[in-house]
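A.B. asks: Read in order, the letters of the sequence shown are residues 31 to 408 in my numbering.
C-beta atoms are modelled at their ideal positions from N, C-alpha and C, and glycine is treated no differently.
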Amino acid sequence: MPVSKWAILVLLVPRGPRAIYRHYPLRDAETKGRLGGGDCLLGLNDVSSFLVLYITDLFEVEILIAQSAFHLLYQLYPSCLCAIPCPSAHAVIRKMKAVTKLLIGAVALVAFQWSGRTLDPGSLKGARVLVTGASAGIGERIAYHLAGFGAQVVLTARREKVLQQVVDKCHGLGAQKALYVAADMANHADPERVVKFAVDQLGGLDYLVLNHKGDMPFGMWDGDVEQTRWLMQVNFLSYVQMAKTALPSLEQSKGSIMVVSSLYGKVCAPFLAPYVSTKFALNGFFGTLQHELAMQSSNVSVSVVTLGLIDTDSAMDMVKEVSNVHAWPADEAALHIITSGATRQAESYYPWFWYYCCLFRDWFPYLRDLSIRNIYKH
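1. At 3 residues or longer, and completely inside the stretch 263–302: list those beta strand (DSSP E) runs for me, N to C.
2. So, with DSSP's three-state summary, where would you put residue 207?
3. What does the alpha-carbon distance come out to for the pair residue 361 and residue 253?
4. Decide if the stretch 302–318 is in contact with the stretch 365–373; the criterion is three or more beta carbon pairs, one per stretch, under 8 Å apart.
5. For residue 331, report the span of its beta strand (DSSP E) as first-last.
6. State buried or exposed for residue 171, treating a residue as buried only when at least 16 other CB atoms are found within 10 Å of its CB.
7. For a test of the three-state rule: what should DSSP assign to residue 307, helix, strand or coil?
8. If you compare alpha carbons, which of 177, 280, 302 is closest to residue 247?
9. Is it buried or exposed, residue 296, if we count other Cβ atoms within 10 angstroms and call 16 or more buried?
10. Give the DSSP-derived three-state secondary structure of residue 369 in the structure shown.
11. Leaving aside the five residues before and after residue 275 along the sequence, list all residues of the same chain whose C-beta is less than 8 Å from its C-beta, in chain order.
12. State the DSSP-derived secondary structure class of residue 96, mapped to helix, strand or coil.
13. Along the chain, where does the alpha helix (DSSP H) that runs through residue 182 open and close?
14. Note the first and the last residue of the continuous beta strand (DSSP E) segment covering residue 160.
15. Near residue 377, what residues of its chain come up, given a Cβ to Cβ distance below 6 Å and the 5 sequence neighbours on each side ignored?
16. Compare the beta carbon distance of residue 156 and residue 180 with 8 Å and say whether it is the shorter of the two.
17. What are the boundary residues of the beta strand (DSSP E) that residue 238 is part of?
18. Pick helix, strand or coil for residue 378, following the three-state DSSP scheme.
19. DSSP three-state call for residue 216: helix, strand or coil?
20. Got a sec? Which residues, its chain only, sit under 8 Å from residue 393 by beta carbon, not counting five neighbours each side?
21. Does residue 393 come out as helix, strand or coil in the three-state DSSP assignment?
22. Taking buried to mean at least 16 other C-beta atoms within 10 Å of its own C-beta, is residue 243 buried or exposed?
23. Determine the DSSP secondary structure at residue 358, reduced to helix, strand or coil.
24. Quick one: what's got a C-beta closer than 6 Å to residue 192's C-beta in the same chain, skipping five residues either side?
25. So residue 158 and residue 261 are in contact, right, with Cβ under 8 Å, and what is the actual spacing, rounded?
26. Thinking just about the alpha-carbon of each residue, which of 373, 272, 339, 201 is nearest to the one in residue 358?
27. Going by DSSP, what residues sit across from residue 340 in a beta bridge?
28. Give the straight-line distance between the Cα atoms of residue 251 and residue 287, rounded to the nearest whole angstrom.
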């Protein structure tokens, strides 16, 4: 296999130009002449030779596996590898210091995103919080965390008996006050009624945690418009109603709205067309509200939290037959949501790496769509 133009490797290999030069030398005079003449085009055969050797060395795999990896890359992005302009080898080496600095900066950015902001539990002692969808799953765990921090909580969901059990546990965990109000967010009057109840009982609000969601069957859309309309009321319009009703109290307390969204609000996925629509609407509305509140110099912050698959019973029951995606702990997701709102972050992701998946989704549309379809066992 000919080893000729290796300059493309400096864009990939993390060990620097000296290591590359020792490992992939310019072996013949013809190659040196072609490279020394300035800019050149790397033909597909040359590029494939280098990438195969690079993959083999970096990941310590057999050359056959490396060839397969390159073949897949070429199938996905042939236009990127057919002709790549590249400067001479020595010019590339001279520029490696700048490239290294950029790589260090990128690593530092990832580390900063990963670390995130820290929560001061004392800031939540006595805080007045309304949590929706609090009878199970993430909402229930949010309630327990807040109770442990000594907050005052009002919890709402449809199942009154289960809510009573959650409230009792919150008292045991140290909540200064714990109340519940049963409500159905599909009922147009209930969202405002719940907020007014919380404001009256707590004497105001510091945090509004919007976490509830409507259930729907997992499968191809069957054309049921009424179900889509119902889900839009539960998953989107009720959020808007509650935010509108809570804003005056939150303005007085310099409070925060925590909006629990989903990766489905960032990426279109099969089998959940109505649900995905509600999440896109949620992100659009509250993202816009963030701007408008800031332009009005409002005291209220809005935190939109994007979650991946979380290991709640409802989520796992819905996807267990059709997806192999790893699920993340609901308890950690709940704490992440509280941290995002308490530290007034405009946007956050759990797990953190979904931020970068969303960042690159529009750069590689073919790979994005292929990955989405391969996730599901259809």
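C.D. replies: A quick look at the data gives this:
1. 286–292
2. strand
3. 36 Å
4. no
5. 331–337
6. buried
7. helix
8. 302
9. buried
10. helix
11. 221, 222, 225, 226
12. Bear in mind that a pLDDT of 47 at residue 96, under 50, signals an unreliable position, so the model cannot answer this.
13. Where residue 182 is concerned, there is no enclosing alpha helix (DSSP H), although the beta strand (DSSP E) it sits in stretches over 182–187.
14. 158–162
15. 334
16. yes
17. 237–240
18. strand
19. coil
20. none
21. coil
22. buried
23. strand
24. 165
25. Incorrect: roughly 30 Å between the Cβ atoms, too far for contact.
26. 339
27. 358
28. 32 Å
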